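Residue numbers (the numbering used here): 86 to 322.
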């Protein structure tokens, strides 16, 4: 005869008090009561035989330096390379998708501003789109006569050290959007925000072309991680 005492003790989130389980805690106490690890555990749904979903999420946060910003930069491949038991491809995709939604929400909030009145306003719109990208990309912000954002478009993407911006393509998009002005933007993955001679020459060329087409080129931003360089602020427009 096998006595019940010989069976392993129940384990896992289901054995926790209801108010401590991530899903139930969110329902009972609200989303703000959960830690980052508990929120990620909800995305993971399950853990492993040895560890709960919260344990797995805590390990993920630890390997990301307990930094959500750092975690948000990881690709599916990056997450899998961490070698965390309990996070396979499906769960890695779920995490990346959830963090991408958060990034897009930032962009939406920034674009809902009444109008663009400073380089900081431009940065707030473009930073969520471009700051974490590991290769160079060139974007334009298109404005109407009231300086309200009517469109944001990626014009090109390149490698680690550069990308090509085609003035014809840029102004074609501006004309199609009925924009009266544009703001240029690209990122420097290296973090060095000093404009190159190519950046300076392109800005001059774009400004002159804009005069002919009666589409003002108001600024050119170079974006790095949590900082930016504005040609307009530096008197280079």
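We treat Cβ as the ideally placed atom computed from N, Cα and C, and that holds for glycine. Since this is a predicted model, take the numbers as computed values, not measurements.
Taken through DSSP and simplified to helix, strand or coil, residue 117 comes out as helix. DSSP places residue 155 in the uninterrupted alpha helix (DSSP H) bounded by 153 to 157.
Beta-bridge partners of residue 271 (DSSP): 223 and 307. With respect to the 8 Å criterion, residue 212 and residue 308 are classified as neighbours on the basis of their beta carbons. Annotated three-state conformation of residue 185 is helix, per DSSP. Between the alpha carbons of residue 263 and residue 298 lies a gap of roughly 12 Å. Of the residues assessed, residue 132 falls on the buried side of the cut-off, its CB having 16 or more other CB atoms within 10 angstroms. Pairing residue 164 with residue 242, the inter-Cα distance amounts to about 24 Å.
Taking C-beta separations shorter than 8 Å and ignoring five residues to either side along the sequence, the partners of residue 107 in its chain run 98, 119, 123, 124, 126, 127, 138 and 139, following chain order. Here the alpha carbon of residue 272 sits roughly 6 Å from the alpha carbon of residue 221.
By the criterion of a C-beta distance shorter than 6 Å, residue 157 is surrounded in its chain by 184, once the five residues flanking it on both sides are discounted. Rounded to whole angstroms, residue 280 and residue 301 show a C-alpha spacing of 21 Å. Per DSSP, the continuous beta strand (DSSP E) segment holding residue 315 begins and ends at 312 to 315.
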